[in-house]
Each structure stands twice: as structure tokens, then as C-alpha cells.
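Below is one structure, written out as C-alpha cells; the observations come after it.
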Amino acid sequence: MFDSYQSNTLHYDREKCINCGMCSIVCPHAVFAPGDEVAKLVDPISCMECGACQMNCPTGAITVESGVGCAYAMFYAAITGKEEPTCDTGGDPCC
Amino acid sequence: MSGTIFTFTKPKIRPTTSQLTLSERVDHFLARWGINRSGHRVEPGLYALGSPTPESPVFVTANYTLSFDALRSSIPGIDCYILVLDTKGVNVWCAAGKGTFGTGELVNRISITGLAGIVSHHVLILPQLGATGVSAHEVKKRSGFRVEYGPVRASDLPEYLKTRSATPGMRRVHFTLGERIVLFPVELAKVLPYLVIISAVLYLASGPLAAAGAAAAVLAGIVLFPILLPYLPTKDFSSKGFILGGLTALPFVLAAYQYGTDDAMWLRLVRGLAPILVMPPVTAFISLNFTGSTTFTSVTGVRREIFIYAPVMAWMFALGIVLLIILTILRLTGW
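So the sequence lines, in the order shown, correspond to chains A and B. All residue numbers for the first sequence refer to my numbering, where the first residue is 1 and numbers rise by one. All residue numbers for the second sequence refer to my numbering, where the first residue is 1 and numbers rise by one.
So, in C-alpha cells, the structure goes:
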């Protein structure tokens, strides 16, 4: 109850990991840690789905559905039934 | 193509310093209050701090004044280059999320500035939070430059440069009281004009208590919520907001109930019910939106929160407004 953050879309495929260590470097919540042979997924619940690990994984071992996470945008999408917009960069930045 | 003259201009390198002037500090203050929100920009391109040589480090940042200034003021006495990407005046973290602080812009900016001919090492130090938009191996493939992710905070750079490695603490984001407090002025500036109008309407329709209630519910969400965030019970921002809004509404419930002690009991109860229905959803809505300002809430979680709490907020608020309208009609018809 009252915890909507118990699961997320982070997925890690150990088979594809080449142990380059990038995921442990870029993650700001220490979700990944360096391992002896492959990276270790140590704290998946702390993942905020920023997508940095997926972006910097050279073998595509990590996938995560990242988004801007702007609640206004999601409210708007929920009410109008339109697709969730990403913040537009032309006008006033939203966050 | 005869007659075309090709001119090779030397790449432009702008000088900069680590000192922040008074007018720059004033500019930071205005940016925090959302004044000229998207106008706090630095010209993208290459900057020289001190007297850099081809061996000097290259730091990469966004063209938002607060980002550029945080970087240069954190590394006084270090001769280096600063490569400023065109992020449309948005900070590193948000621009990376949108992709403007990204692989494409970085590769493009390296090429425009002729960086390969200026430094010998071909290594770039990026802020860690830029990793959301930048793919290090892609940059290497497309430009030959190796991306090195520095610490999350520019203030850790001097320590980082000693060993060229970040401690686990430097790699973690935190959300301290100070970091939370600087966020509310921009939100306050945004809602203040609307709040004044709504409070004025409520004052005329229902009286000073309703006007004060609106202000209290909004200010609780904008000012108190960021301050109290870690201390409010439950994990969801909406439930935290409902709790805070409920506590804020309590004095208004009592005051409304005590308003006319000679009135019928049902009328006094309805008066007391109005603030507890209207105020908490307002505070909770603002609290939920604060997820966008944090660096730890996942999109999946926020979406789940909206799915669970948005209907509760909408129904409570609508019911409360209906009660307020009924109470206003009763008052105007002489009850």
C-alpha cells in the first residue's frame, strides 16, 4: 500500500554482459555494481528508469523504458487520451 | 564550382574564468525565480579556463547559465577547456533526458569547434548525469573521442581530477534539504498569479476563511512538501501530499465548524467538511507533480500513482467545490 515504486521496467541480460563496467559508473543510484565476471544487479528497486545504463551498454544487455517522468504531461495524456509527450525544447523548459 | 572561395577560420575559443561576478549571481537568483525562464543561456562552443595546453582536460556541459557557472566556479586554478553543448538553455540532467545533451550534439560540437586539432588526448570529461543522453561507445565510434563520466556534482571535480576516478559517494545523487529548498521559488512564481485570483474569488464568494484555505493548501504543496519530503510517512508522493494537506486543513475544519455556533448542526458539519474535501487533493496534486523535480522517482511509479490517486483527487475536490457552492447559495439566500 502507498508504494507505487516497488517494480519498474529495468531488465538485465547477464548472458550479453562483457563486464565493461559502464552501468556501474553511470547509475546514480548504484543499481549495478562491478562483478568478477559480469555486472551485478544489486538494487533494482532503486532504479528511476533514467536510461543511462541502457544508453551506455555497448552490447544491449540492459533495457529499460525511460521517460521524462513529468507528472503534468502524464496527467494531460491520461485526461486527453493522447500519447505522453516528451518535454518540448523549443519553448519554455518544463523541468 | 569555380569562383567559390573557401576560407578556413581558426576555431573560436572564448576565454572564461572561475570567478562569478555580482551580476552573474543576480542572474542565478532570477533563474531560480523563473524570471526569463529560458533566457539564461551561454553561447555554445569551446571555452578556455586559465591557460590550457593540448594536454589539458576538456569538460563538457550544457548551455544553461547555472550549469556552466557551477562547472567553472568549481575548478578554480585548473587550466582546461570547457565544451558547451547547445541544450537550448536547459540543464544537463533535463537536457540529457530529452536527448539535447546527447550523442548527436556532442559529436557535432566536437566537429564544429575543431577540438581534435586543439587537444592531443581526445578524452572528454562529462558530468555523470549527462549519461542519460550520451552513449559513450557511440561517441567513440563517431568522433574518436573517449567519454569519461566524471562525478554527479561539479563540486567534486577537484577531488576527482587527482585520481581520475569517482568514489561511490560522488556517483550517487542525493536530495538534501538545500537542494530541495532552491526548487520552490520557481514553482511559487508560476502559481502565485493564479492563486491571487482564486483567493480573491473565494474571498468574495465565501469569505476570508476560504481564501486563506486556498492559499494554505497551495503553499503546503509548494513550500512545505519539498522541505518535509523525507519525513512524511508512506512512499508515494500523492499519499504524502494527502497527509500534509489533511494536517493543513484541520485548523480550517475547526474554524469553519465554529463559524456559526447558533446554526443547525448539519450546517456546521457541512461547513467543516468542505475544507477537508477541497484542500488535501490540491496539496496532493502539487506534491505528485514534485516527482518531476526529483532524481529518484521512476516513470512507471509515477504513472501508477496517477492511476491510483488521480480519481480520488478529482472526486474529493469536485465534491468539496459542490459543498462550497451550496454553502455560498445558502449564505446569499439568508441561511
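Glycine residues also receive a C-beta, built at the ideal position from the N, C-alpha and C atoms. Quantities reported herein were computed from a predicted structural model and do not represent experimental measurements.
Please list the partners that residue i has in chain B, where partner means a Cβ-to-Cβ separation under 8 angstroms.
| i | result |
| --- | --- |
| D3 (chain A) | T234, K235, D236 |
| C47 (chain A) | S298 |
| Y12 (chain A) | Going along chain B, no residue has its Cβ under 8 angstroms from Y12 (chain A), so there is no contact; the nearest lies around 15 angstroms. |
| G60 (chain A) | Chain B residues near G60 (chain A): none, gap ~11 angstroms exceeds 8 angstroms. |
Find the residues of chain A that neighbour residue i, judging by a C-beta separation of less than 7 angstroms, and give them in chain order.
| i | result |
| --- | --- |
| Q128 (chain B) | V26, P28 |
| S239 (chain B) | F2 |
| P168 (chain B) | A30 |
| V152 (chain B) | P28 |
| Y149 (chain B) | I25, V26 |
Residue range of the alpha helix (DSSP H) that residue i falls in?
| i | result |
| --- | --- |
| R142 (chain B) | 136–143 |
| E353 (chain B) | Here chain B covers residues 1 to 335 and nothing more, so residue 353 (chain B) does not appear. |
| L209 (chain B) | 208–219 |
| I338 (chain B) | The structure shown does not extend to residue 338 (chain B), since chain B spans only 1 to 335, so no value can be given for it. |
| R14 (chain A) | Segment: none, R14 (chain A) is in no alpha helix (DSSP H) and carries neither H nor E. |
| Y257 (chain B) | 237–257 |
| V159 (chain B) | Here residue 159 (chain B) is Glu; the residue named in the question, Val, does not match the sequence. E159 (chain B) -> alpha helix (DSSP H) spans 157–163. |
| R171 (chain B) | 168–171 |
| V270 (chain B) | 265–289 |
| D69 (chain B) | 65–74 |
| L228 (chain B) | 225–228 |
| V92 (chain B) | 92–98 |
Hey, could you find the ends of the beta strand (DSSP E) residue i is sitting in?
| i | result |
| --- | --- |
| Y309 (chain B) | Not the beta strand (DSSP E): Y309 (chain B) falls in the alpha helix (DSSP H), residues 299–332. |
| P52 (chain B) | Looking at the DSSP string, P52 (chain B) is not in any beta strand (DSSP E), and its letter there is neither H nor E. |
| V84 (chain B) | 80–85 |
| L183 (chain B) | Per DSSP, L183 (chain B) belongs to no beta strand (DSSP E) and is neither H nor E. |
| A31 (chain B) | No beta strand (DSSP E) holds A31 (chain B); the alpha helix (DSSP H) holding it covers 22–32. |
| T132 (chain B) | Unbroken run through T132 (chain B): none, as it is neither H nor E. |
| L124 (chain B) | 123–126 |
| F59 (chain B) | 58–62 |
| V147 (chain B) | 146–149 |
If I'm right that residue i touches residue j with Cβ under 8 angstroms, what's the distance once you round it to whole angstroms?
| i | j | result |
| --- | --- | --- |
| V253 (chain B) | I276 (chain B) | 5 angstroms |
| T248 (chain B) | A217 (chain B) | 6 angstroms |
| S66 (chain A) | C50 (chain A) | 6 angstroms |
| S287 (chain B) | L244 (chain B) | 7 angstroms |
| Q6 (chain A) | I45 (chain A) | 7 angstroms |
| Y81 (chain B) | P52 (chain B) | 5 angstroms |
| E24 (chain B) | D69 (chain B) | 6 angstroms |
| G221 (chain B) | G241 (chain B) | 6 angstroms |
| H40 (chain B) | A48 (chain B) | Contact flag wrong, Cβ pair sits at about 22 angstroms. |
| L85 (chain B) | F101 (chain B) | 6 angstroms |
| V123 (chain B) | R146 (chain B) | 5 angstroms |
| M74 (chain A) | I306 (chain B) | 5 angstroms |
| G89 (chain B) | S18 (chain B) | The pair is not a contact, with the Cβ atoms about 22 angstroms apart (cut-off 8 angstroms). |
| A256 (chain B) | L209 (chain B) | 6 angstroms |
| P158 (chain B) | I35 (chain B) | Their Cβ separation, rounded to whole angstroms, is 32 angstroms, which puts P158 (chain B) and I35 (chain B) out of contact at 8 angstroms. |
| P54 (chain B) | S111 (chain B) | That belief does not hold up - the Cβ atoms of P54 (chain B) and S111 (chain B) are roughly 18 angstroms apart, past 8 angstroms. |
| A71 (chain A) | T291 (chain B) | 5 angstroms |
| K162 (chain B) | D3 (chain A) | Not confirmed; about 41 angstroms, so no contact. |
| T300 (chain B) | N56 (chain A) | Not quite, the Cβ-Cβ distance comes to about 21 angstroms (not below 8 angstroms), so this is no contact. |
| Y76 (chain A) | L41 (chain A) | With 8 angstroms as the limit, Y76 (chain A) and L41 (chain A) do not qualify as a contact, their Cβ atoms being about 34 angstroms apart. |
Against residue i, what residues of chain A qualify as contacts under a CB-to-CB distance less than 8 angstroms, listed in chain order?
| i | result |
| --- | --- |
| I308 (chain B) | S4 |
| R172 (chain B) | P28, H29, A30 |
Under 7 angstroms between beta-carbons, which chain B residues line up against residue i? List them in chain order, please.
| i | result |
| --- | --- |
| A52 (chain A) | A131, T132 |
| A71 (chain A) | L288, N289, T291, G292, V302, I306 |
| G67 (chain A) | V299 |
Mind pulling the chain B residues with CB within less than 9 angstroms of residue i?
| i | result |
| --- | --- |
| F75 (chain A) | F285, L288, N289, I306, A310 |
| A9 (chain A) | The amino acid occupying residue 9 (chain A) in the given sequence is Thr; Ala does not appear at that position. Ordered by position in chain B, the residues that pass the 9 angstroms Cβ test against T9 (chain A) are S298, V299, T300. |
In chain A, which residues lie with their C-beta within 9 angstroms of the C-beta of residue i?
| i | result |
| --- | --- |
| H137 (chain B) | C20, M22, N56, C57, P58 |
| T295 (chain B) | P28, H29, M48, C50 |
| S67 (chain B) | Under the 9 angstroms cutoff, chain A gives no residues; its nearest Cβ is about 12 angstroms from S67 (chain B). |
* To do: Could you name each continuous alpha helix (DSSP H) segment of 4 residues or more that falls completely within the region 20–52 of chain A, going from the start of the chain to the end?
  => 22–26
* Would you call the region 181–190 of chain B and the region 148–158 of chain B touching, i.e. three or more CB-CB distances under 8 angstroms? -> no
* Asked: Counting Cβ pairs, one atom from each stretch, are 3 or more of them under 8 angstroms apart for the region 216–227 of chain B and the region 259–271 of chain B?
  -> no
* Counting pairs of Cβ atoms below 8 angstroms between the region 107–117 of chain B and the region 125–132 of chain B, do you hit three or more? -> no
* Please determine if the region 20–37 of chain A and the region 110–118 of chain B are in contact, where contact requires at least 3 C-beta pairs separated by less than 8 angstroms. => no
* Asked: Pairing CB atoms from the region 131–143 of chain B with CB atoms from the region 78–98 of chain B, are three or more of them under 8 angstroms?
  -> yes
* **Given 8 angstroms, three or more beta-carbon pairs between the region 277–297 of chain B and the region 305–313 of chain B** => yes
* At a cut of 8 angstroms, does the region 166–175 of chain B reach the region 192–204 of chain B through at least three beta carbon pairs? -> no
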